[in-house]
Every structure is written in structure tokens, then in C-alpha cells.
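From first to last, the protein sequence lines are chains D and X.
Residue numbers for the first sequence follow my numbering, so the first one is 73 and each next one is one higher.
Residue numbers for the second sequence follow my numbering, so the first one is 13 and each next one is one higher.
Read the structure below first, then the notes.
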Amino acid sequence: MNVVIPKFPLAHLIDVALNWLTTHFAFLTKALSHGVSLVIVGITDALLWLPPWLLIVAVSLAGWRVAGRRIGIFCALGLLFIWDLRLWEATVETFTLVLISTLLAVIIGLPLGIAAALNGRISKVVMPVLDFMQTMPAFVYLIPAIPFFGLGAVSASVATVIFATPPTIRLTALGIGQVPADLTEAADAFGSTRRQKLLKVQLPMAMPTIMAGINQTIMLSLSMVVIAAMIGAGGLGGNVWQAIQRLEPGKGFEAGIAIVILAMILDRITQHLGRNSPATHAK
Amino acid sequence: MAKIQVEHLTKIFGPRPQQGLRMLDKGASNHEIRETGNAVGIADVSFEVEEGELLVVMGLSGSGKSTLIRCLNCLNASTRGHIRIDGEDITRYDREQLLALRRRKVSMVFQHFALFPYRTVTENAAYGLEIQGVEPAERRARAVEALELVGLKGWEDSFPGQLSGGMQQRVGLARALAVKSDILLMDEAFSALDPLIRRDMQHELVSLQRRMKKTIVFITHDLDEALQLGDRIVLMKDGRVVQFGTPEEILNNPANAYVERFVENVDMSRVLTARSVLHRARVVAFPQDGPRTVLHKMNEENYSSLLVVERDYTLRGTISLEAAVDAARHGKKTIDDLIEETPSIGPDDPLISVINTLAGWRYTLPVTDPEGKLLGIVTRTGVISALAESHPGDSLAELDESAVDSIPAEGGEQV
Ligand SMILES: Nc1ncnc2c1ncn2[C@@H]1O[C@H](COP(=O)(O)OP(=O)(O)OP(=O)(O)O)[C@@H](O)[C@H]1O
Ligand SMILES: [Mg+2]
């Protein structure tokens with residue numbers, strides 16, 4: 073006799089669940105989406121309204137202050153090059169997307185990381201979920217994002233947030249977990265409340281590690297921009313996507329190089345922010 | 013009433029402390045209890061600390077010293093027994109009361125300093141005040157004051173990473189002093205420092221203690237440190253108290269073989285003080301005495317010299333038999349200008365320095381208080397017999413001989 077083990081209808085179940093969620097909550101998420109897209113457009117417009125040279129000077133000065141002269145010069149040259157390639161607008165759009173996604177990721181990730189560090193049970197639930205979020209191919213998030221948030225930048229940033237938040241959570245939890253026991257004990261011995269201990273000892277001590285997590289989150293968000301362009305997020309990813317479809321390797325590389333420059337600027341500046349944070353006085 | 017009273021305190025670590033207690037009551041050993049997954053931290057510990065006392069808790073590694081001191085501010089919850097501070101049982105405190113206790117009454121100094129590396133020295137010293145909600149200007153002022161007290165003036169805005177170990181521990185001490193708590197808990201506070209700095213810190217702690225009259229519980233595994241600092245010593249082994257007493261009691265009457273082994277290598281001449289061999293000066297001379305009076309006093313007691321004091325017993329010096337005889341022959345009225353300047357020692361000087369002073373002096377050695385008033389005398393025989401008595405066993409002969417060798421001819425004592 074021939075026994076056929078029936079296929080477990082995983083895809084069907086997920087579709088049904090998502091459908092149900094869409095019909096009942098889409099009005100909410102769509103409204104949210106509308107709000108977020110207003111913010112994204114607002115920031116992009118504001119940045120584009122400023123003359124590019126002014127922004128280039130501002131960013132270079134910031135880079136110089138935070139990370140030293142060499143990085144400052146690199147910022148100036150890199151951004152001028154992008155401007156010259158006529159990729160300024162696309163770069164600003166991408167930057168806004170990264171900014172919003174990173175902000176959301178930090179707003180979500182920091183408290184979750186803290187909760188996981190302070191509570192073993194939360195940690196047991198959160199950590200496997202993080203593994204899932206990070207290993208699931210990022211494309212997959214785009215599919216359900218569309219029915220909830222529509223085509224465009226908002227869906228892209230939702231997918232980006234899901235993909236890019238884990239490092240912030242993980243490294244926040246790690247940083248707090250690594251605070252030497254005698255320091256938290258000293259905090260206790262002087263009568264600190266839990267909140268005082270967190271704000272005055274654990275977070276400052278964990279800051280370099282947390283910043284490393286945020287840095288990784290930024291890099292992951294940047295890596296999502298090309299993927300996000302597939303659902304109409306625009307920006308540099310859009311240029312790359314166009315170049316793929318029209319088989320224009322030159323254009324593709326131009327946009328790719330602009331992404332690399334943006335990545336390096338964000339990386340160096342945020343890395344130094346972490347290094348300059350107060351806990352690094354420990355020697 | 014004692015400042016801190018510890019009564020039958022027991023702390024059992026592990027998943028089932030109550031089971032550990034039951035085993036303990038049935039007489040199970042620490043080892044048997046450990047096999048059930050629990051661990052005995054301390055068992056049935058009782059002692060009390062008087063206000064202004066410096067109590068040393070001493071014992072080998074794993075004897076439960078840290079467990080005990082951490083119970084005193086409830087960093088460890090005790091499993092059974094009571095701790096009363098100013099008569100209040102802190103083992104029954106709720107969270108609020110506990111915070112108040114740690115903020116106001118008990119502060120702690122840590123073995124590895126436990127300073128906050130991202131805060132300046134002043135911000136570290138001000139931590140406790142910040143936690144209490146003292147406003148910035150005042151807490152800075154009080155932190156700076158505490159830093160001055162421990163000798164860190166000029167380092168206020170440095171970071172701990174820029175300081176040496178000894179200085180870091182001063183910051184740790186300042187942090188504890190700044191909150192002006194009555195009780196200081198110090199867990200091996202000087203163990204991480206090298207010996208010279210450690211000695212400095214010990215001296216400074218003693219002098220701070222004299223000025224500020226804190227009640228201090230100090231932990232160490234080093235007997236020399238314990239003897240140096242402790243008004244009384246709690247000696248622990250396997251979580252239990254094996255002896256509780258003054259340093260001299262512990263040295264002179266070790267409660268059992270364990271304590272004896274602990275103390276057998278102590279150099280008694282560094283431990284015993286002049287006070288322990290002090291005698292009353294039965295006869296003294298006064299500056300306005302005539303030579304014949306002095307000779308008479310000497311004759312009576314068979315002395316070859318006398319100490320000379322003012323009416324209020326301020327020490328002036330020594331008059332020798334020869335000088336008195338000479339003066340009598342020349343018909344002098346008083347001995348005032350024949351008084352020889354005389355070295356003196358303090359009652360808390362260790363016998364080692366007493367021996368050194370005796371070696372360079374022919375006559376009776378006076379013991380004076382800080383104002384220079386005569387408290388009594390020490391004699392060579394007194395010093396030697398004290399060392400011999402307190403030193404059972406092999407090193408006796410050696411010590412006796414060397415001590416005698418270093419002291420020249422008998423001078424001002426009974427001949
Ligand atoms: N958190 C803990 N969990 C389980 N057992 C513990 C814990 N803390 C201490 N113990 C046990 O309690 C006993 C006493 O330890 P404690 O740290 O008080 O010793 P100590 O005298 O301070 O030693 P040291 O000189 O090494 O600091 C030891 O047997 C130790 O293994
Ligand atoms: Mg210890």
C-alpha cells in the first residue's frame with residue numbers, strides 16, 4: 073500500500089493568518105504608513121531644500137570633530153564626488169530611509185535589549201526570535217509588508233527595521249550583561265534603586281557595546297536599500313535596480329560607489345561616537 | 013548597646029536553603045551539605061561591634077568572610093538569625109528601609125575598588141550623595157571634602173584609570189566617607205595593594221578612625237593586618253567563628269589548634285605594645301628636690317637612677333646616681349641642672365621599637381602619653397619575659413638571646 077504523508081500546509085496557514093490580519097488591521101497600518109511617509113518625505117525635502125554644499129560642509133565638520141581630520145577630509149571628498157555624479161538626491165533619500173529605520177530600530181531595540189539583559193525569561197524568548205529575524209532572507213519581509221503598508225518607502229523601512237534591529241538588541245543585552253559584578257554591587261551597596269543602577273551604572277558602562285550594535289544596525293539598514301528599491305523605495309537602491317533591469321553596469325557601479333561612500337561615512341562617525349563615549353576612560 | 017549585633021547568623025547558598033538548615037541542625041558537615049547542591053556560607057555566627065570600634069574579621073579563603081560582611085548590608089539575604097544595627101533588626105527590613113540603610117548608615121569599600129571608570133574622581137566620590145538626591149553643588153563640595161580627607165586634593169577631575177591602585181582605593185574610601193554613614197564595611201580593602209602602600213593605608217585608616225569614630229568592620233586574610241588594625245578580631249573557619257577577642261587575647265590564649273597554627277608565625281615584638289609591659293613608676297624625683305633627697309629615694313628602692321617629673325607628671329628627664337652623689341658633694345641646692353635628657357616611648361609603640369630604644373639607653377625607659385606626661389616605665393626583664401611568655405615553642409631561645417644581646421648593661425632597675 074502506498075502511504076502518502078500529506079504536506080503540512082504551512083504556506084496556506086501563514087497566508088490565512090496574514091489575510092486575516094490584513095483585513096482587520098490594514099486600516100490601522102495604512103494610517104500609520106501615511107504618517108510615517110509624511111515624516112520621510114518631510115525630512116527628505118528639508119535636506120534637499122538645503123544647498124548641497126552647506127550639508128557637505130556640515131557633515132565634514134561633524135566628521136572632523138568626532139573622528140578626526142582624515143575622516144573629515146574623506147567626508148568632504150566623498151560627498152563632493154557623489155554630488156558630481158548627480159546622485160545627491162538619491163543619496164539624501166537613502167540617508168533618510170537609513171535614519172528613520174535606525175531610529176525605529178533603536179527605539180525598539182534598546183528597551184528590548186535592556187529587558188533581555190535584566191530578565192532571564194525575556195532573554196530566553198527574545199534571543200531565538202532574533203536568530204529567526206536575522207537568518208530569514210530579507211526579501212521575505214517585503215512580501216507581507218506591502219499589504220500592510222503599501223508600496224514604497226514605509227514598507228521598505230518596516231522590512232529594514234525587522235532585519236536591522238537584532239544587533240542593537242543583542243549588543244545592548246551583551247553590554248549590560250558584561251558590566252562587572254562589583255560595579256553593580258557598588259551601585260547596590262550605596263542604595264541605588266534599580267532605575268538609578270541602570271541609568272547611572274549599567275547603561276554608561278555598556279555604551280561602547282551598545283554603540284557598536286547601533287553601528288551594525290546602520291550598516292544592515294544600508295544593505296537593505298537595494299532590496300527595498302524593489303518595492304519602490306527610491307534612493308540609491310532605485311538607481312541600482314534600474315541599472316540591473318537595463319543592463320547598464322556603469323550606472324550600477326556609480327550608484328554602488330555612492331552607497332559605499334555613504335556607508336563608510338556613517339560607519340566611521342558612529343564608530344568614533346562609541347569610542348568617545350565616557351566608559352572608554354577605563355584603561 | 014552595641015552598634016552592630018550579629019546573632020546566630022546563618023547563610024546557606026543554593027536552591028534549597030531550608031533543607032541546608034535542617035542538615036546543619038542535625039550536625040551535617042559543610043561537605044555533606046555541599047553534596048546536596050547547597051553551600052554553607054556562614055553558620056551560627058554571633059558577635060557584636062561597639063560604636064567606634066574597628067572590628068577585624070579574619071580567616072582563610074572560603075571561610076565566609078565576604079558572605080558575612082555582605083549580610084551586614086543585605087547584599088546577601090541571611091537564611092537564619094538576626095542582625096541588629098542600632099537595635100533594629102535589618103534582616104526584617106523591606107526594600108525602602110533597606111535603601112535607607114544603605115544610603116545613610118552603612119557604606120562599603122571594595123577589594124578591587126569598584127570605581128566607575130566613566131566618572132571623574134569627584135563624581136565617583138559623590139556617587140552615594142547623587143543617589144540620595146543631594147543637589148549638585150552640595151554633593152560636589154562634600155565629595156571634595158572627603159577627597160581631601162583621604163589625601164587626594166588636586167586629583168578631583170582625573171579619571172580612576174589615571175590613578176595608581178593606592179590612590180584608587182583612596183577614592184573608594186572617599187566615596188564611602190562622603191555619605192557620612194556611621195558604619196564602614198571594608199572587604200579586603202587593602203589586599204590588592206602592594207605592601208608599602210598597604211602599610212600607609214593601614215596607618216591612615218587608623219588615624220581617620222581616631223578622628224571620625226566610625227564603626228568599621230574590616231575583612232582580611234592577613235594576620236599582621238588584623239593585629240595592626242583590629243580593636244577586636246573575629247577569627248573564622250568554615251563559616252564558623254573560632255575565636256572572638258582582642259588581638260592579645262587571641263595571641264596569648266589561642267582557642268584551639270587552628271588559631272594556634274594561625275598565630276604561630278607572628279613576630280610578637282611587632283604585635284605586643286609597650287602598654288602590655290608597662291609598670292607604675294613607684295618613685296620619681298622632682299626638679300626642685302635636693303640631691304640628698306634624691307639619694308635617699310634611690311637608696312630606699314635600690315635604684316641607680318630616677319625619672320624626674322614636674323608636679324603635673326610632665327617628664328623632664330633622668331637623674332643618675334653619680335650625678336646625685338656629685339651634686340651632694342658640691343653642696344648644690346637642687347638637681348634641676350643635672351637632669352639628663354631621656355628618650356621616651358608611647359603606650360601603643362610595638363615592643364620591637366621599645367627594644368630598639370632600650371638598646372640605646374642606660375637607665376629606666378619612661379612611657380609617656382602624647383602630652384608628655386609620665387604613664388609608667390618599661391624594664392628589660394619585663395619586655396623579655398612578655399615576649400617569652402607569648403611565644404610558645406621553638407623561637408623562644410633565639411628571641412631571648414637576641415633581645416638580651418641587643419640590650420647593654422642593666423641600668424636603672426633594681427640591682
Ligand atoms: N554566591 C554563592 N553561591 C554559592 N556558594 C557561595 C557563594 N558565595 C560564597 N559561596 C560559598 O561560601 C563560602 C564562603 O565564601 P566567602 O566568599 O564568604 O569566603 P571568603 O572568606 O570571603 O573567601 P576569600 O578570602 O577567598 O574572599 C565558600 O565555600 C563559597 O564557596
Ligand atoms: Mg572574600
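Note that the Cβ used here is the ideal one computed from N, Cα and C, for glycine as well.
Predicted model only: the values in this text are computed from it and were never measured.
The C-beta of F128 (chain X) comes closer than 8 Å to at least one C-beta of chain D.
Each of X:G145, X:I351, X:M248 was checked against the Cα of T79 (chain X), and the nearest Cα belongs to X:M248. Here the alpha carbons of I231 (chain X) and S75 (chain X) stand approximately 11 Å from one another. One alpha carbon belongs to L176 (chain D), the other to L159 (chain X), and they sit about 44 Å apart. Its chain contains V133, M179, R182, V183, A186 as the residues whose beta carbon lies nearer than 8 Å to that of L164 (chain X), once the 5 sequence neighbours on both sides are disregarded; these appear in chain order. Burial check for M13 (chain X): the Cβ neighbour count within 10 Å stays below 16, so the residue is exposed. With a beta-carbon spacing of about 6 Å, A190 (chain X) and G140 (chain X) fall inside the 8 Å limit used to define contacts.
Excluding the 5 residues flanking it on each side, L113 (chain X) has same chain C-beta neighbours closer than 8 Å at N85, C86, I97, I102, Y105, in chain order. Secondary structure note for D56 (chain X): its beta strand (DSSP E) is the uninterrupted segment 51 to 61. Not one heavy atom of ligand 2 sits closer than 7 Å to the Cβ of K38 (chain X).
Residues of chain X with a Cβ closer than 9 Å to the Cβ of E257 (chain D) are, in chain order, R82, L87, M120, F122, A126. DSSP places V296 (chain X) outside both helix and strand once states are collapsed to three, so it counts as coil.
In the three-state reduction of the DSSP assignment, H342 (chain X) falls in the coil class, being assigned neither a helical nor a strand state. Listed along chain X is no residue with a C-beta nearer than 7 Å to that of D87 (chain D); the closest approach is about 47 Å. Listed in chain order, the non-local C-beta contacts of T163 (chain D) below 7 Å within the same chain comprise I154, L308, A330, L334, local neighbours out to five positions each way being set aside.
For ligand 2, no non-hydrogen atom lies closer than 7 Å to the CB of K23 (chain X). Interface flag for Y105 (chain X) against chain D is unset, since no Cβ pair is found closer than 8 Å.
Along the length of the region 130 to 191 of chain D, whole beta strand (DSSP E) runs at least 3 residues long do not occur.
By the 16-neighbour rule on beta-carbons within 10 angstroms, V289 (chain X) is buried. When Cβ pairs closer than 8 Å are counted between the two stretches, the region 269 to 281 of chain X is seen not to touch the region 317 to 331 of chain X, the count staying below three. Straight through space, the alpha carbons of I24 (chain X) and N50 (chain X) are spaced by roughly 7 Å. M35 (chain X) and G71 (chain X) have their alpha carbons spaced roughly 24 Å apart. Applying a distance threshold of 6 Å between residue Cβ atoms and the heavy atoms of ligand 1 selects X:F25, X:A51, X:G53, X:G71, X:S73, X:G74, X:S75, X:G76, X:K77, X:S78, X:T79, X:H233, given in chain order.
Taking CB atoms only, Q268 (chain D) has a neighbour in chain X less than 8 Å away. For T265 (chain D), the nearest beta carbon of chain X is closer than 8 Å to its own beta carbon. Beta bridge pairing from DSSP links I389 (chain X) with X:H291, X:P378.
Residues of chain D whose Cβ lies closer than 7 Å to the Cβ of I331 (chain X) do not exist; the shortest such Cβ separation is about 59 Å. Taking a contact to require three or more Cβ pairs closer than 8 Å, the region 139 to 153 of chain X and the region 209 to 222 of chain X do not qualify as touching. The Cβ atoms of P378 (chain X) and T354 (chain X) lie closer than 8 Å to each other. Per the Cβ contact rule, the region 337 to 356 of chain X is in contact with the region 365 to 376 of chain X (3 or more Cβ pairs under 8 Å). The continuous alpha helix (DSSP H) containing H215 (chain X) extends over residues 207 to 224. Scanning its chain for C-beta atoms nearer than 7 Å, with the 5 sequence neighbours on each side dropped, one finds around A340 (chain X) the residues P303, R304, L307, in chain order. Where I16 (chain X) is concerned, there is no enclosing alpha helix (DSSP H), although the beta strand (DSSP E) around it starts and stops at 16 to 25. Under DSSP, R252 (chain X) shares a beta bridge with X:K249.
Within the region 184 to 239 of chain D, the runs of alpha helix (DSSP H) at least 4 residues long that lie entirely inside it are, in chain order, 192 to 207, 210 to 221.
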